[in-house]
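Heads up: the structure comes next, in structure tokens.
Residue numbers (this note's numbering): 63 to 578.
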């Protein structure tokens, strides 16, 4: 039977409300879902990430079929699989005699650029619809950004708070403040024990995917044994319910904390479900708000959680589409050093960094402070090549899609965009890690030392970073105090710190080119 429309559903579009499916006619339309090698290997994705997307796709296809939808599902190991998304769309158009193609806009620039060429290649019209699962349409973000000298998340966040009414009393924020971040920076006490993370035991479909990934991607990084991600709407909602009941009340206090043996603390572990479309962001925010209004969670926790979704998630997506493709090529600090091997091997000797890398290898997960202030902070201070760092983050985390990974890494962690996103680099010495974690007490390096064999590498790297980039950063109002401290140091001490940093970097991350 010929199809009036071929409706293409991508791997991160597992939502019944997807705009491409809004007016689907089960009697005449076909939904195409295709597992393709190109999407599994454009970077060397963590094996859990590949398994997560394929398992979610297979479960979603089964749910559509149960509703009477004709689904043309192409498995990764189908002998006729072309290995590319475009190749499978072209085959499906011919197979079904489709008169047109309907798709929801993809999350990544490279896929969108390819999608724009589908019509010419297939000889049929292509309709690309807005992804209305997000709270702020791309066009709305562009209108908000137009004419603004700076594009700060906090200003955008307030617009969306007013638009959605979340945590609002009329036109004012509940509690009289927009942001409770200052109350969300507590170190985890020794006597506070987070509940175990929510686990979803793999069913037969997911186990088959795990076996497939083990066979087809033996050389990709990361373990599969700990796989426990939600891959259905039902499982994602169960994970949300458990977070709201067990973790949200203390999420705010300890959202910036790190602790030995505690991978997730009070974090939600819902980013994969949101990024795959198993949960919708506005629904999640309203559920969290309801917990505060019912008196079951404090305001600092609920506001902090909502800000991550309504604020950061929507903001980075808007910024990504506003600034791409040039944004990915920015390198404002001229960083050029190779990514050290310990980002894969977890053998740097720095307890904090090795703990994050080892956890990432096992779980395909680390929370935002581990990403920003440990692996990201080291990459910033060391001057690692932004292209390699971005590829690493995109590869190793299960929730990493370029629209969300690139701005967070390029703008927040690396300051490679020169301040488009952040008002200053998030640079820190070992003192920050010691204040927010217990890693330093177990480390072979001494966080109190800056020079010598046992000195914490973060310390010398921090001061060398400031000295190296004085011309660009010295006049930044938010960094004046840091440079005043540097200027009060004895010149011999500064020279020793810079020698210490250079010696360490030349061992672990050689520079590819040196400026004159």
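All C-beta atoms, glycine included, are put in the ideal place defined by N, C-alpha and C.
- Item | At least three beta-carbon pairs within less than 8 Å, the stretch 305-316 to the stretch 411-431 | no
- Message: Can you tell me whether residue 281 is buried or exposed? The criterion is at least 16 other CB atoms within 10 Å of its CB, across all chains shown.
- Response: Taking the first residue of the chain shown as 1, we reach residue 281 at position 219. Counting the other CB atoms within 10 Å of its CB gives residue 281 a total below 16, which places it among the exposed residues.
- Query: Curious, which full-length alpha helix (DSSP H) runs of at least 4 residues does the stretch 355-427 contain?
  - Reply: 361-368, 376-385, 404-407, 413-425
- Query: With C-beta atoms as the reference, is residue 340 less than 8 Å away from residue 294?
  - Reply: Residue numbering aside, residue 340 sits at position 278 when the chain shown is read from its first letter. Residue numbering aside, residue 294 sits at position 232 when the chain shown is read from its first letter. Yes.
- Compare the C-alpha of residue 163 against each of 171, 145, 191, 172 and name the closest. Residue 163 sits at position 101 when you count from the first residue of the chain shown. Of the candidates 171, 145, 191, 172, the one whose C-alpha sits nearest the C-alpha of residue 163 is 191.
- Message: Relative to the C-alpha of residue 175, which candidate in 557, 488, 471, 387 has its C-alpha closest?
- Response: Position 113 of the chain shown holds residue 175. The candidate whose alpha carbon is nearest that of residue 175 is 387.
- Between the stretch 361-375 and the stretch 405-417, are three or more C-beta pairs nearer than 8 Å? In this structure the stretch 361-375 does not lie against the stretch 405-417, because fewer than three pairs of beta carbons, one per stretch, are closer than 8 Å.
- Message: Pop quiz: residue 508 and residue 517 are said to be a contact at Cβ under 8 Å. What is the actual Cβ separation, rounded to whole angstroms?
- Response: Counted from its first residue, the chain shown places residue 508 at position 446. Counted from its first residue, the chain shown places residue 517 at position 455. About 7 Å separates the two Cβ atoms, so the contact holds.
- Query: If you count every other CB in all the chains shown that lies within 10 Å of the CB of residue 352, and 16 or more means buried, which is it?
  - Reply: By 1-based counting over the chain shown, the position of residue 352 is 290. When all chains shown are included, residue 352 counts as exposed.
- Could you check how far apart the C-beta atoms of residue 319 and residue 250 are, in whole angstroms? I think they sit under 8 Å. Sequence index remark: in the chain shown, residue 319 carries index 257 (1-based). Sequence index remark: in the chain shown, residue 250 carries index 188 (1-based). The pair is a contact, with the Cβ atoms about 4 Å apart (cut-off 8 Å).
- Item | Cα-Cα separation between residue 329 and residue 364, rounded to whole angstroms | Taking the first residue of the chain shown as 1, we reach residue 329 at position 267. Taking the first residue of the chain shown as 1, we reach residue 364 at position 302. Whole-angstrom Cα-Cα distance: 12 Å.
- Item | Sequence-distant residues of the same chain with beta carbon closer than 7 Å to residue 456, five excluded per side | In the chain shown, the residue the question calls residue 456 occupies position 394. Here the set comprises 105, 462, 464, 467.
- Report the rounded CA-to-CA distance for residue 487 versus residue 524, giving the unit in angstroms. Taking the first residue of the chain shown as position 1, residue 487 is located at position 425. Taking the first residue of the chain shown as position 1, residue 524 is located at position 462. C-alpha separation (whole angstroms): 11 Å.
- Message: For residue 425, tell me which candidate among 110, 202, 493 has the shortest Cα-Cα distance.
- Response: For this step, residue 425 is matched to residue 363 along the chain shown. Ranking the options by Cα distance to residue 425, first place goes to 110.
- Task: Counting only the same chain and skipping the five closest in sequence on each side, list residues whose C-beta sits under 7 Å from that of residue 123.
- Result: The count along the chain shown starts at 1 and reaches residue 123 at position 61. 95, 133, 135, listed in sequence order.
- May I have a chain-ordered list of the beta strand (DSSP E) segments no shorter than 3 residues that lie completely inside the stretch 299-333? none
- Could you pull out every residue in the same chain whose Cβ sits closer than 6 Å to the Cβ of residue 73, ignoring the five residues on either side in sequence? Taking the chain shown and counting its residues from 1, the one referred to as residue 73 is at position 11. If we look at residue 73 and ignore the five residues flanking it on each side, its Cβ neighbours are 115, 119.
- Message: I need the DSSP call for residue 576, collapsed to helix, strand or coil.
- Response: Counted from its first residue, the chain shown places residue 576 at position 514. Low confidence applies here, because residue 576 scores a pLDDT of 44, under 50, leaving its location unreliable and the question unanswered by this model.
- Message: Once DSSP output is grouped into helix, strand and coil, what is the label at residue 91?
- Response: On the chain shown, position 29 is the one that residue 91 refers to. In the three-state reduction of the DSSP assignment, residue 91 falls in the strand class, which pools E and B.
- Message: If you follow the beta strand (DSSP E) that residue 526 is in, where does it begin and where does it stop?
- Response: Taking the first residue of the chain shown as 1, we reach residue 526 at position 464. For residue 526, no beta strand (DSSP E) segment is defined; the enclosing uninterrupted segment is the alpha helix (DSSP H) at 519-530.
- Message: Please report the distance separating the alpha-carbon of residue 311 from that of residue 359.
- Response: The sequence position of residue 311 within the chain shown is 249, counting from 1. The sequence position of residue 359 within the chain shown is 297, counting from 1. Distance between the alpha carbons of residue 311 and residue 359 is about 4 Å.
- Task: Mind checking who residue 235 pairs with in its DSSP beta bridge?
- Result: Taking the first residue of the chain shown as 1, we reach residue 235 at position 173. According to DSSP, residue 235 bridges with 230.
- Message: Just verifying my parser: in three-state terms, what is the DSSP assignment at residue 446?
- Response: Locating residue 446 in the chain shown gives position 384, where the first residue counts as 1. Strand at residue 446.
- Message: Based on DSSP bridge pairs, tell me the residues matched to residue 136.
- Response: Your numbering for residue 136 matches position 74 in the chain shown. Its beta-bridge partners are 96.
- How long is the line joining the alpha carbons of residue 83 and residue 459, rounded to whole angstroms? Mapped onto the chain shown, residue 83 falls at position 21. Mapped onto the chain shown, residue 459 falls at position 397. Answer to the nearest angstrom: the Cα atoms are 29 Å apart.
- Taking the CB atoms as reference points, tell me whether residue 395 and residue 237 lie closer together than 8 Å. Numbered from its first residue, the chain shown carries residue 395 at position 333. Numbered from its first residue, the chain shown carries residue 237 at position 175. Contact: no.
- Message: Taking the beta strand (DSSP E) that residue 161 belongs to, which residues open and close that run?
- Response: Here residue 161 refers to the residue found at position 99 when the chain shown is read from its first residue. Where residue 161 is concerned, there is no enclosing beta strand (DSSP E), given that its DSSP letter is neither H nor E.
- residue 508 - DSSP class collapsed to helix/strand/coil: Here the question's residue 508 lines up with position 446 in the chain shown. Strand, per DSSP.
- Is it true that the CB of residue 397 sits closer than 8 Å to the CB of residue 448? Here residue 448 is taken as the residue at index 386 of the chain shown, counted from 1. Here residue 397 is taken as the residue at index 335 of the chain shown, counted from 1. Taking 8 Å as the Cβ cut-off, residue 448 and residue 397 qualify as a contacting pair.
- Residue span of the beta strand (DSSP E) that contains residue 190, given as start and end: The residue labelled residue 190 in the question sits at position 128 within the chain shown. Where residue 190 is concerned, the enclosing beta strand (DSSP E) stretches over 188-191.
- In angstroms with no decimal places, state the Cα-to-Cα distance between residue 400 and residue 453. Walking along the chain shown from the start, residue 400 turns up at place 338. Walking along the chain shown from the start, residue 453 turns up at place 391. Spanning the two alpha carbons is a distance of roughly 12 Å.
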